[in-house]
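Here the protein sequences come in this chain order: F and H. Counting in numbering that gives the first Met the number 0, the first sequence runs from 0 upward without gaps. Counting in numbering that gives the first Met the number 0, the second sequence runs from 0 upward without gaps. Glycine residues also receive a C-beta, built at the ideal position from the N, C-alpha and C atoms. Below is one structure; the comments refer to it alone.
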Amino acid sequence: MKRNPITITIGLLLLFIFGLLLIFFQVRTTEVAMVTTFGKPTRPVTEPGAYVKWPWPIQQVYKFDKRIQNFESKFEQVFTADGHSLLIKVYAGWNIAQPQVFFPKFGDSVVRLEEALSGLARSAYSGVVGTHPFSDFISTDEKQLKFEQIEQEVLQRIQKDVQANGYGVEVKFVGIKRIGLPESVTKLVFERMQAERQLQVRQIESAGQREASDIRSAANLASANVLSEADAQATQIRGEGDRLAAASLQVFEQEPELGKFLMQLRALEDFLKERTTLILDTQTFPLNLLNGGPSTAPTAPKISSNTTNE
Amino acid sequence: MERKGNSGLLNAVVLLITAVCVYGVGRYANSLSAQVSSAFVAYGFAVALVSWFQMRLEERERLERMEYDELTKARSTSALFNEGTDAFPAGRSREQFERYFVPGITIALLLAQGIGAWLLWQWLQQPGKPALKQPAVALSIFGVLFLLLFLLGRFSAGVARIRNDRLLRPGANHLLLSAYACAVAMLTIVAALAKFPRVDYFVAAAGAVLLGLIAFETLMGLILELYRPRVKGKQTRLLYESRLVGLLSHPEGLFSTAAHVLDYQFGFKVSETSFYRFVERNFPRFLLAQLAVLLLSSCFVFIEAGEAGLLERFGRPVAKRDVLKPGMHLKWFWPVDRVQRFRTDEIQTFNVGFVHQEEGDHHDQRPEADTVLWTVRHYQEEFNLLVASREPGATTNTVEGKRIPPVSLLSVSIPVQFQISDVKKWAYKHMKPAKLLEDIGTREVVRYLVGVDLLEIMSTGRFKAAEELRQRIQTRADAEDLGVKIVFLGLQDIHPPVSVAGAYEEVIGATQKREAERLKAQTDAVATNSWSLAEALQRRRNAEAASTSRAVGAAARAAQFTNQIPAFKASPTVYSHLAYAQALSRYSAGTRKLVMTGTNSHDVILLNLEDRIRAGDILNVPMPAAPAPR
Chain F
0 MKRNPITITI
10 GLLLLFIFGL
20 LLIFFQVRTT
30 EVAMVTTFGK
40 PTRPVTEPGA
50 YVKWPWPIQQ
60 VYKFDKRIQN
70 FESKFEQVFT
80 ADGHSLLIKV
90 YAGWNIAQPQ
100 VFFPKFGDSV
110 VRLEEALSGL
120 ARSAYSGVVG
130 THPFSDFIST
140 DEKQLKFEQI
150 EQEVLQRIQK
160 DVQANGYGVE
170 VKFVGIKRIG
180 LPESVTKLVF
190 ERMQAERQLQ
200 VRQIESAGQR
210 EASDIRSAAN
220 LASANVLSEA
230 DAQATQIRGE
240 GDRLAAASLQ
250 VFEQEPELGK
260 FLMQLRALED
270 FLKERTTLIL
280 DTQTFPLNLL
290 NGGPSTAPTA
300 PKISSNTTNE
Chain H
0 MERKGNSGLL
10 NAVVLLITAV
20 CVYGVGRYAN
30 SLSAQVSSAF
40 VAYGFAVALV
50 SWFQMRLEER
60 ERLERMEYDE
70 LTKARSTSAL
80 FNEGTDAFPA
90 GRSREQFERY
100 FVPGITIALL
110 LAQGIGAWLL
120 WQWLQQPGKP
130 ALKQPAVALS
140 IFGVLFLLLF
150 LLGRFSAGVA
160 RIRNDRLLRP
170 GANHLLLSAY
180 ACAVAMLTIV
190 AALAKFPRVD
200 YFVAAAGAVL
210 LGLIAFETLM
220 GLILELYRPR
230 VKGKQTRLLY
240 ESRLVGLLSH
250 PEGLFSTAAH
260 VLDYQFGFKV
270 SETSFYRFVE
280 RNFPRFLLAQ
290 LAVLLLSSCF
300 VFIEAGEAGL
310 LERFGRPVAK
320 RDVLKPGMHL
330 KWFWPVDRVQ
340 RFRTDEIQTF
350 NVGFVHQEEG
360 DHHDQRPEAD
370 TVLWTVRHYQ
380 EEFNLLVASR
390 EPGATTNTVE
400 GKRIPPVSLL
410 SVSIPVQFQI
420 SDVKKWAYKH
430 MKPAKLLEDI
440 GTREVVRYLV
450 GVDLLEIMST
460 GRFKAAEELR
470 QRIQTRADAE
480 DLGVKIVFLG
490 LQDIHPPVSV
500 AGAYEEVIGA
510 TQKREAERLK
520 AQTDAVATNS
530 WSLAEALQRR
540 RNAEAASTSR
550 AVGAAARAAQ
560 FTNQIPAFKA
570 SPTVYSHLAY
580 AQALSRYSAG
590 TRKLVMTGTN
600 SHDVILLNLE
610 DRIRAGDILN
620 VPMPAAPAPR
């Protein structure tokens, strides 16, 4: 059967490429690798590049990401040194530093490593938190806060445990991601916050009532002062009128009897201004006319003149 | 022919047992592809069972026909054996079966395939699939099943081909397909052992898609069956037999299968045309050329606007070309050179303090409200953050005997926007940089809140806090070499938790009430002040008027008196009477007058009937005694 040489060339080229894939492997710049020969770890590869290996099943390559990976703990309840209960969650960054140490202990399972790290982290942060009072975590006084110090203590404890156990990884950093309170305490905090608000409401309302009362009483005081002053001035004005009126009394001294008589008539005028009922008998002037004519002597007031006709 | 029926039954039974075994082993070993494969085997069992049943009907018809022929020869003249509709009950049964039951069972199969594909896809998308276990056991069982099914399938297929038996062919095809499914399951287990566990998922997903394609093919077969030209004497194709299954179980017969399909559908020999033969002859070249083009196409990379690419050669960043900017670039073919793309100009966002609805359960989505209130939850999940408190009484309160920490709780929703500023740091330093940035953002928010006062951050300190937080996150991200720029941090959504937000609103209400009380009092004060000023002025003026009146009146009276003196001196008695009479008449004009006379006959009583006279006014006046008669 005749074959096209182009087909054969392309086929051989593809065969060559696929053959290369069997004996070459790449380690990327973000990776480290462990080569095993018949299952036994024989060659760690920490630098990126292309490498040769025996084909499977003689040699097998296990690759790991050497970048910093994140680990996050659960939101766990712990106690502070002064007996407060806290919920705390931390995150940590770690990377595989020694694949030849890491691989025999955890194989290719990062999950198993994270389980191990989880135990170390829990032990570390629960122990460290227990040595600090609550005010080291939360305070409006910046000097009292020891947030960073606590994180460093947790990091050092984890690093120490990781090194002691020889995990082949490095823990780079630890951060406190969340702090919370247990649900029962949270409810009490809510109650306290509500009580504070109620207190504030009462304070504000009382202050409002006090201010209103102050304003009204001040206004009443000012009003009383103004009226008192006005009354005093009115009295003075009336006194001045009396003084001026008294100056004309000397005129009446020319005929005192007539003056008195005229004053009586003015008093009578004032007396009769209001609604008055007069009960008069027929002896009263000028009703005495009813008794029979003008012969009856009048009962008009009699006044004498102290003046003499010229 | 009895052996043929037994072969069909054997195929069905083997497929049934295999389906149970594959499913059981798949569940046991947590192999997704094996569990999906069991669906294909079960489908094969259904097809094999139907074809076996049809096989039996055809066998009965054949025996009936033979008996009839024998009887016809013996009694050729008997009228009892005239060929009629009632003479072949088995044949009629077979016809009825093909006319009604086969389309019915095909529709049932179509539904089973479609629903099965959908359910498998949904199941595969569920998270939390356990890891593979006991791979050696699974491999050995699948290996045995593969060998058994493959041998039996090849045998049945060979028998079907030699006898040209269309009814044996579907079962044989499904036996081979099941064998290949077992082989694929074995390969996925091997891949998982070779540290490619996701292969199992992808193969299982491909299986679900394949089942969907078979369902589509069945549907198209049902539709096309309606328009197919009926050629008398030509055997109808089995509706429930899948060409796709036939192709997969006989990959070597790709072209013959395609040719059969075209010939069957168009009613003439399409496979004998020159174009068809050309394609068939050069297919390997086309395939290789296609692969070569595919490989060559990997030598070109197009970085789009707003993107950056990281070029790696054998895993190392390529010197001086490690970061590719937007445009076309040449590179070595895969797998020598690889490019990772990142959207560096894109503004990316993560949220602190809440889970946005889009990120959570879509079933809990509510229409976004136009009004944002403290008393209404804004997001699907909001968590409360601790914040310090300077309020008096917040340090050592005791409620119901429990110690309350000196803290308050705050509901915080903070969107943080960032851009990738250094793509190499972003890609190479951390495995999940976005997650780390979110962790850092949350940490900085928590750290900031535990050191500030609740009321301060909710009011005057908001802008300052936003800028401070942005800087802190930026500093921390730089320290971790994340290669990002924090462009925005929003503190627009800080408020007390929903359960206590009402109490905070009452405080605001109390402030308004206080202001209202103050304004009312001011209103009253203004009225009081105005009235008092007016009243004072009125009193002063009244006094002035009285004073003036008194002084002027006195002067007037003095002047009048001076003028009256000459008259008085002229006639003191008359003048006094005159003055008295004038005064009495003038002053008493408006008064009510009662005149008491000495005798009743001369009494003159003036009554003003318009006025009401009290009884006491008259009755209490003592009557004068009557004068004695003269």
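Could you check whether the Cβ of Arg177 of chain F sits closer than 8 Å to any Cβ belonging to chain H?
The residue you call residue 177 of chain F lines up with position 178 of the first sequence. So, interface residue.
Using C-beta distances below 6 Å, list every residue in its chain close to Ala266 of chain F, excluding the 5 sequence neighbours before and after it, in chain order.
Taking the first residue of the first sequence as position 1, residue 266 of chain F is located at position 267. Counting only Cβ-Cβ distances below 6 Å, and skipping sequence neighbours, we find nothing.
Between Gly152 of chain H and Leu138 of chain H, which are expected to be in contact by the criterion C-beta below 8 Å, what is the C-beta distance as a whole number of angstroms?
Taking the second sequence and counting its residues from 1, one reaches residue 152 of chain H at position 153. Taking the second sequence and counting its residues from 1, one reaches residue 138 of chain H at position 139. Not a contact, Cβ separation roughly 20 Å.
With DSSP as the reference, label Leu309 of chain H as helix, strand or coil.
Within the second sequence, numbered from 1, the residue matching residue 309 of chain H stands at position 310. Strand.
How many Å lie between Gly308 of chain H and Asp336 of chain H at the Cα?
In the second sequence, counting from the first residue as 1, residue 308 of chain H sits at position 309. In the second sequence, counting from the first residue as 1, residue 336 of chain H sits at position 337. Near 12 Å, if we compare the C-alpha coordinates of Asp336 of chain H and Gly308 of chain H.
At a cut of 8 Å, does the region 200-211 of chain H reach the region 110-124 of chain H through at least three beta carbon pairs?
yes
Starting from Phe560 of chain H, find everything on chain F with Cβ-Cβ shorter than 9 Å and list it in chain order.
Position 561 of the second sequence, counted from the first residue, corresponds to residue 560 of chain H. In chain order: Ser247, Val250, Phe251, Gln253, Glu254, Leu257, Gly258 and Leu261.
Enumerate, from N- to C-terminal direction, the unbroken alpha helix (DSSP H) stretches of 4 or more residues contained entirely within the region 156-188 of chain F.
Complete alpha helix (DSSP H) runs here, min 4: none at all.
Could you tell me the distance, in whole angstroms, from the CA atom of Leu8 of chain H to the CA atom of Tyr27 of chain H?
Counted from its first residue, the second sequence places residue 8 of chain H at position 9. Counted from its first residue, the second sequence places residue 27 of chain H at position 28. Answer to the nearest angstrom: the Cα atoms are 29 Å apart.
Buried or exposed for Gly174 of chain F, going by 16 or more other Cβ atoms inside 10 Å?
Here residue 174 of chain F refers to the residue found at position 175 when the first sequence is read from its first residue. Counting C-beta atoms within 10 angstroms of its own C-beta, Gly174 of chain F has 16 or more neighbours from the protein chains shown and is therefore classed as buried.
Per DSSP, which residues does Leu86 of chain F bridge with? Please list them.
Residue 86 of chain F sits at position 87 when you count from the first residue of the first sequence. For Leu86 of chain F, the pairing in a beta bridge is given by DSSP as F:Gln76 and F:Gly179.
Might you give, ordered along the chain, the residues of its own chain that have their beta carbon closer than 7 Å to the beta carbon of Gly258 of chain F, omitting 5 neighbours on each side?
If you number the first sequence from 1, residue 258 of chain F lands on position 259. Phe251.
What's the gap between the Cα of Gly220 of chain H and the Cα of Leu166 of chain H?
Within the second sequence, numbered from 1, the residue matching residue 220 of chain H stands at position 221. Within the second sequence, numbered from 1, the residue matching residue 166 of chain H stands at position 167. Whole-angstrom Cα-Cα distance: 17 Å.
Less than 8 Å between CB atoms is the rule here; does His494 of chain H satisfy it with respect to chain F?
In the second sequence, residue 494 of chain H corresponds to position 495, counting from 1. In terms of beta-carbon proximity, His494 of chain H stays away from the interface with chain F, with every pair separated by 8 Å or more.
Give a yes or no on whether the C-beta atoms belonging to Thr35 of chain F and Asp64 of chain F are separated by under 8 Å.
Numbered from its first residue, the first sequence carries residue 35 of chain F at position 36. Numbered from its first residue, the first sequence carries residue 64 of chain F at position 65. Not a contact, by the Cβ cut-off of 8 Å.
What does the alpha-carbon distance come out to for the pair Phe560 of chain H and Val551 of chain H?
In the second sequence, the residue the question calls residue 560 of chain H occupies position 561. In the second sequence, the residue the question calls residue 551 of chain H occupies position 552. Approximately 14 Å, taken between the alpha carbons.
Taking Ile472 of chain H and Val415 of chain H to be in contact with their CB atoms under 8 Å, please state how far apart those CB atoms are, rounded to whole angstroms.
The residue labelled residue 472 of chain H in the question sits at position 473 within the second sequence. The residue labelled residue 415 of chain H in the question sits at position 416 within the second sequence. About 7 Å; that satisfies the 8 Å criterion.
On the premise that Ala509 of chain H lies in contact with Ile203 of chain F, defined as a C-beta separation below 8 Å, what is that separation, rounded to the nearest angstrom?
Residue mapping note: residue 203 of chain F aligns to position 204 of the first sequence, counting from 1. Residue mapping note: residue 509 of chain H aligns to position 510 of the second sequence, counting from 1. The Cβ separation is near 4 Å, so the contact holds.
Compare the Cα-Cα distances from Met185 of chain H to each of H:Ala578, H:Ser32 and H:Arg475 and report the closest residue.
As a first step, residue 185 of chain H is located in the second sequence; it is residue number 186 there, counting from the start. Met185 of chain H has its Cα closest to that of H:Ser32, out of H:Ala578, H:Ser32 and H:Arg475.
Ignoring anything shorter than 4 residues or poking outside the region 84-134 of chain H, list the alpha helix (DSSP H) runs there in chain order.
88-95 and 101-124
Note down, in chain order, each residue of its chain lying with its Cβ closer than 7 Å to the Cβ of Phe341 of chain H, except the 5 sequence neighbours on either side.
One-based indexing of the second sequence puts residue 341 of chain H at position 342. Cβ neighbours of Phe341 of chain H beyond the five flanking positions: Glu306, Ala307, Ile419, Val422, Trp425 and Ala426.
With a 10 Å radius around its C-beta and 16 neighbouring C-beta atoms as the bar for buried, classify Ala11 of chain H as buried or exposed.
Here residue 11 of chain H refers to the residue found at position 12 of the second sequence. With 16 or more other Cβ atoms from the protein chains shown falling within 10 Å of its own Cβ, Ala11 of chain H counts as buried.
How about Val483 of chain H and Leu436 of chain H: do their beta carbons lie closer than 8 Å?
One-based indexing of the second sequence puts residue 483 of chain H at position 484. One-based indexing of the second sequence puts residue 436 of chain H at position 437. Yes, these two residues count as a Cβ contact at 8 Å.
Please confirm if the region 130-149 of chain F is in contact with the region 46-58 of chain F, defined as three or more CB-CB distances below 8 Å between the two stretches.
no
Assuming contact is defined by CB atoms lying nearer than 8 Å, are Leu408 of chain H and Glu443 of chain H in contact in what I supplied?
Position 409 of the second sequence holds residue 408 of chain H. Position 444 of the second sequence holds residue 443 of chain H. No.
State the start and end residues of the unbroken alpha helix (DSSP H) segment that holds His173 of chain H.
Within the second sequence, the letter at position 174 stands for residue 173 of chain H. Arg168 to Leu192 is the extent of the alpha helix (DSSP H) around His173 of chain H.
Report the neighbours of Asn541 of chain H on chain B: residues whose CB is nearer than 8 Å to its CB, in chain order.
Protein chains F and H are contained in the structure displayed, whereas chain B is not.
Taking the DSSP output, what are the residues bridged to Trp331 of chain H?
Within the second sequence, numbered from 1, the residue matching residue 331 of chain H stands at position 332. DSSP output for Trp331 of chain H lists no bridge partner at all.
Relative to the C-alpha of Ile493 of chain H, which candidate in H:Val183, H:Ile413 and H:Val292 has its C-alpha closest?
Here residue 493 of chain H refers to the residue found at position 494 of the second sequence. Among H:Val183, H:Ile413 and H:Val292, the Cα nearest to that of Ile493 of chain H is on H:Ile413.
Along chain F, in chain order, which residues have C-beta atoms closer than 7 Å to that of Asn528 of chain H?
Walking along the second sequence from the start, residue 528 of chain H turns up at place 529. Residues of chain F passing the Cβ test: Ala218, Ala221 and Ser222.
Alpha carbon to alpha carbon, how far is Phe172 of chain F from Thr397 of chain H? Give it in angstroms, no decimals.
Within the second sequence, residue 397 of chain H is the residue found at index 398, counting from 1. Within the first sequence, residue 172 of chain F is the residue found at index 173, counting from 1. Confidence at Thr397 of chain H is low in this model, with a pLDDT of 43, below 50, so the placement of that residue is unreliable and no value is reported for it.
Considering only C-alpha positions, which residue in the set F:Ser84, F:Leu198, F:Ile95 and F:Ile22 is nearest to Trp55 of chain F?
As a position in the first sequence, residue 55 of chain F is number 56, starting the count at 1. Minimum Cα distance to Trp55 of chain F is reached at F:Ile22.
Is the beta carbon of Tyr124 of chain F sitting closer than 8 Å to the one on Val168 of chain F?
Start at 1 with the first residue of the first sequence, and residue 124 of chain F comes out as number 125. Start at 1 with the first residue of the first sequence, and residue 168 of chain F comes out as number 169. Cβ atoms of Tyr124 of chain F and Val168 of chain F: not closer than 8 Å.
Should the region 42-60 of chain H be regarded as contacting the region 98-110 of chain H, the criterion being three or more beta carbon pairs within less than 8 Å?
yes
Give me the chain F residues within the contact set of Ala193 of chain H, using Cβ-Cβ distance strictly less than 8 Å, ordered along the chain.
Here residue 193 of chain H refers to the residue found at position 194 when the second sequence is read from its first residue. Listed along chain F are Trp55 and Gln59, each with a C-beta nearer than 8 Å to that of Ala193 of chain H.
The beta strand (DSSP E) spanning Ile278 of chain F covers which residue range?
What you label residue 278 of chain F is simply residue 279 of the first sequence in a count that begins at 1. Thr276 to Asp280 is the extent of the beta strand (DSSP E) around Ile278 of chain F.
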